[in-house]
Amino acid sequence: MPPQISFSIPLLILPSYNESMRLKERVLHFDVAELKKAAAATVHKDAADVSNFSKIAEGGFNRVFELTIDGIPVLARLPYPATYPKHLTIASEVATINLVRSYGVPAPKILGYSTTSNNAVGSEYIIMEKVHGRDLGDIWYELSEKERLKVLSQAGKLESILFSIPLPAYGSVYHKSDLGVGSESVDFKGGDLDATQFSIGPDVAQKWWYDGRDDLPFSRGPFTKIDDVFTAGAAKEIAWLKTHDRPRLPHILAHRDLYNYQKVSPADHLASLEKYLQIAPYMFLAMISFRGPPFAIRSQPS
């Protein structure tokens, strides 16, 4: 009988990354029947025509469902409770898609949307057409050199279109009808675009809103001057540090070693930001020779 060999495998403990908290942030309550009804209405059908309803993706900010309505596939995207500012985020995503479509960019058509949870569905949502195709990352190595060159050429043409869109300010794109009365905005001017339809309003990037920043009275745009773009971020952090004045570990893990893994006083951070604002005016001189568009469309994960 061969000798018996025994060994033990140490228990592998994976970090949870506050799993319970992360899961709670994604709990989404809504009325499925009403969502089916709302989606069906966007293609002039009834809820009874919905033959399929299934979840297909968990994005960084939205849960995505696919519905088949009388043979027509559509997608419904609902933001998580942790996604904020919900109203502005939904409004800006819809307007941005409609804006780039008006310039010929093949983005999915928006069929319907709601920027408020005060509706029958009980949640904000976007209903859009389903775009058919395969993920480029899945087939890239199956393509010939000629096919890859064609893909890259098409991507370059689309990027050229995006950079040619004349944005009048730094911020996020909105339909004017979705911005509240009195909201600061900058209108589009001239060109083939319907200037009465779109405008630039507050930036919806998370850096302006997370961890209590949504309650602070600093400007989130729109900014029409380059120097304001350079200084607004520092002003934001100064306002936040003065409100939440307590020692904490550096947010960037790589920086913690520099401080011997000790909590850092916000006074150090404030002093650095104040010094930055002192030199900021001299940084703008480098922008004088900038020949590209001052503001351009940029993508943001969903």
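Heads up, the sequence shown is in the UniProt record's numbering, so the first residue is 1 and it goes up one at a time.
Note that the Cβ used here is the ideal one computed from N, Cα and C, for glycine as well.
message: Which runs of the alpha helix (DSSP H) at least 4 residues long sit entirely within the segment 5 to 89? Give them in chain order.
response: 19 to 25, 32 to 42
- prompt: Considering only the beta carbon of each residue, do V100 and I165 sit closer than 9 angstroms?
  reply: The count along the sequence shown starts at 1 and reaches residue 100 at position 100. The count along the sequence shown starts at 1 and reaches residue 165 at position 165. Yes.
- prompt: Can the beta-carbon of L67 be found closer than 9 angstroms to that of Y125?
  reply: Taking the first residue of the sequence shown as position 1, residue 67 is located at position 67. Taking the first residue of the sequence shown as position 1, residue 125 is located at position 125. In this structure, Y125 does not lie closer than 9 angstroms to L67 by Cβ.
task: State the DSSP-derived secondary structure class of Y174, mapped to helix, strand or coil.
output: As a first step, residue 174 is located in the sequence shown; it is residue number 174 there, counting from the start. Residue state, collapsed to three classes: strand.
field: Rounded separation between L249 and T231 - CA only
entry: Here residue 249 refers to the residue found at position 249 of the sequence shown. Here residue 231 refers to the residue found at position 231 of the sequence shown. Cα to Cα, L249 sits roughly 24 angstroms from T231.
Where G112 falls: helix, strand or coil (DSSP): Here residue 112 refers to the residue found at position 112 of the sequence shown. If DSSP states are grouped into helix, strand and coil, G112 belongs with the strands.
query: Can you tell me whether DSSP reads S185 as helix, strand or coil?
result: Residue numbering aside, residue 185 sits at position 185 when the sequence shown is read from its first letter. The answer is coil: DSSP assigns S185 none of H, G, I, E or B.
- prompt: Taking DSSP as the reference, what is the three-state secondary structure of residue 306?
  reply: The chain is shown from 1 up to 302; residue 306 falls before or after that span and cannot be answered.
query: Where do the ends of the alpha helix (DSSP H) carrying G156 lie?
result: In the sequence shown, the residue the question calls residue 156 occupies position 156. Start and end: 145 to 164.
- request: For S289, count neighbouring C-beta atoms within 10 Å of its own C-beta (all shown protein chains included) and say buried if the count is 16 or more, exposed if not.
  value: Here residue 289 is taken as the residue at index 289 of the sequence shown, counted from 1. Because the pLDDT of S289 is 49, which lies under 50, any placement of that residue in the model is unreliable, and the question is left without a value.
task: Return the Cβ separation of F30 and L75 in integer angstroms, given the expectation that the two are a contact with Cβ distance under 8 angstroms.
output: In the sequence shown, the residue the question calls residue 30 occupies position 30. In the sequence shown, the residue the question calls residue 75 occupies position 75. Actually they do not touch by this definition, with Cβ atoms about 15 angstroms apart.
query: From this set, D215, I139, L152, which residue's C-alpha is nearest A239's C-alpha?
result: Translated into positions along the sequence shown, residue 239 becomes position 239. Distance check between A239 and each of D215, I139, L152 places D215 closest, using alpha-carbon atoms only.
- request: Return the Cβ separation of P204 and S92 in integer angstroms, given the expectation that the two are a contact with Cβ distance under 8 angstroms.
  value: Numbered from 1 along the sequence shown, position 204 holds the residue referred to as residue 204. Numbered from 1 along the sequence shown, position 92 holds the residue referred to as residue 92. With the sequence shown as reference, residue 204 is identified as Val, and Pro is not the correct amino acid for it. Right, their Cβ atoms sit about 5 angstroms apart.
query: Quick one, which of H251, M128, A254 has its alpha-carbon nearest V43's?
result: Position 43 of the sequence shown holds residue 43. Here the closest residue by C-alpha is M128.
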